[in-house]
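Numbering (full-length UniProt numbering), first residue to last: 1 to 229. Backbone N, C-alpha and C define an ideal beta-carbon position, used for all residues, glycine too. Below: the structure, in C-alpha cells.
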Amino acid sequence: MPAIEAPKTAGSLPSPSKPTPTFSPDKVTVVFVLGGPGAGKGTQCANLVRDYGFTHLSAGDLLRAEQDRPGSQFGSLIKDCIRNGDIVPMEVTVQLLENAMTEVVDGRKKSSGDNGKPAKFLIDGFPRKMDQALKFEETVCPAKFVLFYDCPEEEMQRRLLERGKTSGRADDNSESIKKRFRTFVETSMPVVDYYEKQGRVVKIDATPKPEAVYQETRKRLGERLGDGL
Ligand code: UDP
Ligand code: MG
C-alpha cells in the first residue's frame with residue numbers, strides 16, 4: 001500500500017510531480033546578475049562576456065525585443081509594465097529566457113563548438129521576484145550563484161538620468177525611476193536575501209567607477225570559483 005494516496009477528487013488529475021529542469025547544471029552554467037536599476041549590471045556583463053566567454057542574456061532586453069516584435073500578443077502588457085517599473089508576469093520572461101538559452105545551446109551543438117564544456121550564461125536583471133526565481137530554477141536550470149551589484153539610490157538615479165539623455169528607454173525618466181526603485185526594494189531585494197541565506201550571493205560594491213568594479217568582480221569570482229569559470 002502506498003504511504004501517501006492521491007486525493008480522490010472526482011474528475012481531477014493528481015497534481016504533477018516536480019518538473020525536471022530543461023537544462024542540467026552539469027551541462028549549462030547559469031549566473032544570475034542582480035542589482036538596482038542603474039547599478040551597472042549590463043556594463044559588467046559586457047566585460048565578463050569579453051574575458052570569460054559567457055553568453056549575456058538581459059531579461060529587460062529580451063522583453064523589449066518581444067514588445068517590438070510584430071504580432072506579439074504581449075506587446076502592450078510589456079510596454080505598460082516597463083513604463084510603470086512593474087514586473088512582467090513571470091511566464092512571459094521565463095519563456096523568453098528559455099527560448100534564448102535553447103537557441104544558444106542548439107547552435108553550439110550544431111557547430112560542435114562546445115567541446116563538451118558547459119554553455120555559460122549571465123542572466124542579467126533576473127530574477128526580480130521570488131516567483132520567477134523558483135519557477136526558473138525548477139523548470140529551466142538551477143543557478144550556480146548570484147552576482148549582486150550593490151549601489152546607493154542617489155548614485156543609481158544619477159546614472160539613469162544621464163543614460164536617459166541618449167538611451168531612448170521609456171523608463172529612464174524620473175517618474176519611472178522612482179517606481180523602479182520601489183519595485184526593487186519591495187520585490188527584488190527579497191530575492192537577493194533569499195539567495196544570501198543560502199550562501200549563494202557574491203556581493204560587489206558598485207559605487208566606484210566601472211573599471212574598479214570590474215577588477216573587484218574578477219577578484220571575487222576568482223576566489224569563489226578558482227579556475228572553474
Ligand atoms: N522586467 C521584468 N522582469 C524581468 C526583468 C525586467 O518585468 O525579469 C521589466 C521591468 O519592468 C523592468 C524593466 O523590464 O523595470 C527594465 O529592466 P532592465 O533589466 O532592462 O533594467 P535595468 O535594471 O537594466 O535598468
Ligand atoms: Mg540593464
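- Within 7 Å of the C-beta of Gln157 there is not a single heavy atom belonging to the ligand UDP.
- Closer than 7 Å to some heavy atom of the ligand UDP: that describes the Cβ of Ala59.
- Rounded to whole angstroms, the Cβ separation of Leu122 and Phe184 is 19 Å, and the two are not in contact under 8 Å.
- When the five nearest sequence neighbours on each side are left out, the beta carbons in the same chain lying within less than 8 Å of the beta carbon of Cys151 are those of Gly35, Gly36, Gly38, Ala39, Gly40, Asp205, Ala206, Thr207, in order along the chain.
- For Val146, the closest of Thr22, Tyr195, Leu225, Val28 by C-alpha to C-alpha distance is Tyr195.
- The C-beta distance from Ala100 to Leu57 rounds to 5 Å, short enough to meet the 8 Å contact threshold.
- In terms of Cβ geometry, Lys79 and Gln67 form a close pair [threshold 8 Å].
- Under the three-pair Cβ rule at 8 Å, the segment 168 to 186 counts as touching the segment 80 to 88.
- Annotated as distal: Asp172 and Val33, with beta-carbon spacing of 8 Å or more.
- Here DSSP, grouped into helix, strand and coil, assigns Ile87 to coil.
- Assignment of Asp193 by DSSP, reduced to helix, strand and coil, places it in the helix class.
- In this structure, the beta-carbon distance from Thr93 to Ala59 falls below 8 Å.
- Remark: the shortest separation between the CB of Gly42 and any heavy atom of the ligand MG falls under 7 Å.
- With 16 or more neighbouring CB atoms inside 10 Å of its own CB, Pro127 falls in the buried class.
- Relative to Val30, the option among Lys209, Ala133, Met90, Lys110 whose CA is nearest is Ala133.
- In the DSSP assignment, Thr43 falls within the alpha helix (DSSP H) that extends over 41 to 52.
- DSSP assignment within the segment 142 to 191 yields the following whole alpha helix (DSSP H) runs of 4 residues or more, N-terminal first: 153 to 167, 174 to 183.
- Between Val140 and Glu98, the C-beta spacing is below 8 Å.
- CA-to-CA, the gap between Val213 and Lys219 works out to about 10 Å.
- Here the distance from the Cβ of Gly36 to the nearest heavy atom of the ligand MG is not below 7 Å.
- The beta carbon of Lys27 is closer than 6 Å to those of Pro118 in its chain, skipping five residues each way along the sequence.
- In this structure Val192 touches Phe148 by the C-beta definition: roughly 5 Å separates them, less than 8 Å.
- The beta carbons of Pro19 and Lys144 sit no closer together than 8 Å.
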